[in-house]
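These notes concern the structure reproduced below.
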Amino acid sequence: MQKICLMGGTFDPIHYGHLVVAEEVRQKFNLPKVLFIPAARPPHKTDQDITDATHRVNMVRLAVASNPYFAVSTLEVARQGLSYTIDTVRQIKQLYQTEKIYFITGADAVLQIINWKEAAQLLSMCTFIAATRPGYNLNNLQSSLASLPQDIIERILPLEVPALSISSSDIRQRVREGRSIKYLLPEAVEAYIFKNRLYTCHN
Numbered sequence: 001m002q003k004i005c006l007m008g009g010t011f012d013p014i015h016y017g018h019l020v021v022a023e024e025v026r027q028k029f030n031l032p033k034v035l036f037i038p039a040a041r042p043p044h045k046t047d048q049d050i051t052d053a054t055h056r057v058n059m060v061r062l063a064v065a066s067n068p069y070f071a072v073s074t075l076e077v078a079r080q081g082l083s084y085t086i087d088t089v090r091q092i093k094q095l096y097q098t099e100k101i102y103f104i105t106g107a108d109a110v111l112q113i114i115n116w117k118e119a120a121q122l123l124s125m126c127t128f129i130a131a132t133r134p135g136y137n138l139n140n141l142q143s144s145l146a147s148l149p150q151d152i153i154e155r156i157l158p159l160e161v162p163a164l165s166i167s168s169s170d171i172r173q174r175v176r177e178g179r180s181i182k183y184l185l186p187e188a189v190e191a192y193i194f195k196n197r198l199y200t201c202h203n
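Under the UniProt record's numbering, the sequence shown has 71 at position 71, and the numbering climbs by one with no breaks.
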């Protein structure tokens, strides 16, 4: 495979915001595959309760099932421990023998790349696509990127995507409060959440 795009996250749960970004990136950069990689335990969320990986992986599989360009990888879950991007990128490069790796991240998070584990090596191995988010548009992103060293800026591709104000934390809160989550995520994922009683006070 010549090129592949990775989208990592806890996906707790996955929602239309994730899917819209992935599809925009896929189409914009003419990518043959977007690989969703549920994290086992992100280093920045060690103090948070995260839903069991099996449920999160199942929800991602349900969410991407109708898109032939989307797939799911469980390599981080299988690896266990903290999920560092550099380790994932190395594994993907070895598994897929790919020439070019893209990695989707949020526009606000991309500025922290220089603080990530083995940042220099990571930036040499993949190109980051920084997708805009509600409240953080392309102008905000470009202004922020200007503060980074030029060699890092060259490895980051800004991309404006439709602003869907949906968050996993809001969905979890809605479920706890008995409010509707319809139209925030695929119906199959919604059904899975209620069938397995995820995000309730008893879960």
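Where is the CB? At the ideal position from N, CA and C, for every residue including glycine.
Under the DSSP definition of a beta bridge, which residues are partnered with residue i?
i: isoleucine 104; result: Met7, Ile129
i: tyrosine 199; result: Tyrosine 199 pairs with nothing; no bridge assigned.
Residue i lies in the beta strand (DSSP E); which residues open and close that run?
i: leucine 35; result: 34–38
i: alanine 71; result: 70–72
i: isoleucine 156; result: 156–159
Alpha carbons only, please: which of the options is nearest the one belonging to residue i?
i: serine 168; options: Val189, Asp151, Pro162, Ala119; result: Val189
i: asparagine 67; options: Glu23, Asp52, Leu185; result: Glu23
i: serine 73; options: Gly8, Asp170, Ala163; result: Gly8
i: proline 186; options: Ile171, Ser147, Leu82; result: Ile171
i: arginine 133; options: Ser124, Thr127, Val110, Ala146; result: Val110
i: tyrosine 96; options: Gln2, Ile129, Arg197, Asn196; result: Gln2
i: glycine 178; options: Ser165, Phe194, Ala163; result: Phe194
i: leucine 82; options: Arg176, Tyr183, Ile50, Gln112; result: Ile50
i: valine 161; options: Asp52, Cys126, Asn139, Gln150; result: Asn139
Kindly indicate the opening and closing residues of the alpha helix (DSSP H) around residue i.
i: isoleucine 86; result: 85–96
i: glycine 17; result: 16–28
i: cysteine 58; result: This sequence places asparagine at residue 58; cysteine is not what is there. Asparagine 58 -> alpha helix (DSSP H) spans 53–64.
i: glutamine 142; result: 138–145
i: alanine 78; result: 75–79
i: aspartate 170; result: 168–177
i: aspartate 151; result: 150–153
Hey, residue i and residue j are a contact pair by Cβ (cut 8 angstroms); roughly how many whole angstroms apart?
i: tyrosine 102; j: leucine 6; result: 7 angstroms
i: leucine 62; j: tyrosine 192; result: 6 angstroms
i: leucine 122; j: valine 89; result: 6 angstroms
i: valine 21; j: alanine 131; result: 5 angstroms
i: valine 60; j: isoleucine 92; result: With a Cβ gap of about 16 angstroms, valine 60 and isoleucine 92 do not count as contacting.
i: proline 32; j: glutamate 76; result: Wrong, their Cβ atoms sit about 22 angstroms apart, outside the cutoff.
i: isoleucine 86; j: lysine 117; result: 5 angstroms
Cβ contact (3+ pairs, closer than 8 angstroms) linking the segment 147–162 and the segment 98–117: Short answer: they touch.
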